[in-house]
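Those letters in the sequence shown? Residues 1 to 184, per the UniProt record's numbering, in order.
Ideal placement from N, C-alpha and C gives every residue a C-beta, glycine not left out.
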Amino acid sequence: MDDYNGTHESGYYTELLIDGDYRNYCDDHDGGKYYVVDSRYPMMKGYLAPYKGISYLLQEFRRRGGSPRTRHEKFNHAHSSLRCVIERTFGVWKNKWRIIRNMPSFPFHIQILIISATMALHNFVRLNDRDDRGFINTNRDSISRREHNSEAGSSYEQNSGSLTDPTMVVLRDSIADSIWGDNN
Numbered sequence: 001m002d003d004y005n006g007t008h009e010s011g012y013y014t015e016l017l018i019d020g021d022y023r024n025y026c027d028d029h030d031g032g033k034y035y036v037v038d039s040r041y042p043m044m045k046g047y048l049a050p051y052k053g054i055s056y057l058l059q060e061f062r063r064r065g066g067s068p069r070t071r072h073e074k075f076n077h078a079h080s081s082l083r084c085v086i087e088r089t090f091g092v093w094k095n096k097w098r099i100i101r102n103m104p105s106f107p108f109h110i111q112i113l114i115i116s117a118t119m120a121l122h123n124f125v126r127l128n129d130r131d132d133r134g135f136i137n138t139n140r141d142s143i144s145r146r147e148h149n150s151e152a153g154s155s156y157e158q159n160s161g162s163l164t165d166p167t168m169v170v171l172r173d174s175i176a177d178s179i180w181g182d183n184n
């Protein structure tokens, strides 16, 4: 398991979503909420991926010395920033809670409860101890790791068109228009 960016597991989880029992769990997804995923995932119901073929990584924007130039770039920049925060948070959880780092073979619904419990504990610690050493150290260590990773292709990228949910495409376009309009 990759501690910070999920690159080793993304293809595996994509297979589970497409072929496995996890798809049934995801089909019950509550509207208005979605998972922020990388471009290897199809734009299925409840999964918000970045625009493919558009600058994505924060270091790409820094390297060319500028801000996003289009609404798609602006969306991808915001998406990448959000993923960085999410991945750093999971890095902190894995360092703080051994049960997440080495998840036992519990049924999926029990694993969800474990994640939820550790989220609640994490939030409690963050609210009551702003100088949480675990958070500060993991945050510092993970920033450089995340920014040096890129998104590799997947065999599902070419074949994910049939899995694309048009409502998710519309949602992504709507968010892109909104954040582009707010800043221009």
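Compare the C-alpha of residue i against each of the options and name the closest.
i	options	result
glutamate 60	Ser80, Tyr41, Lys45	Ser80
glutamate 73	Ile100, Ile110, Lys52, Phe124	Lys52
lysine 33	Asp182, Ser178, Thr167	Thr167
arginine 98	Val169, Arg88, Thr118	Thr118
valine 125	Lys96, Pro107, Phe106, Ile110	Lys96
cysteine 84	Ser116, Val37, His109, Arg130	Val37
glycine 91	His122, Arg40, Gly65, Trp180	His122
aspartate 182	Leu82, Ala78, Ile54	Ala78
threonine 89	Trp180, Ala120, Arg62	Ala120
On the DSSP bridge assignment, give the partners of residue i in chain order.
i	result
valine 36	Leu48
Do residue j and residue i count as a contact pair if the criterion is CB distance below 8 Å?
i	j	result
tyrosine 35	tyrosine 47	yes
proline 50	asparagine 76	yes
aspartate 165	lysine 45	yes
proline 68	leucine 163	no
So residue i is in the alpha helix (DSSP H); what residue range does that whole segment cover?
i	result
phenylalanine 61	58–63
leucine 121	108–128
glycine 53	Counting along the chain, glycine 53 falls outside any alpha helix (DSSP H), and DSSP gives it neither H nor E.
glycine 91	71–96
Since residue i and residue j should fall inside the 8 Å C-beta cutoff, what is the C-beta to C-beta distance between them, to a whole number of angstroms?
i	j	result
alanine 176	arginine 71	5 Å
Cβ of residue i within 7 Å of any heavy atom in the ligand HEM?
i	result
aspartate 129	As for the ligand HEM, it is missing from this structure, which has no ligand bound.
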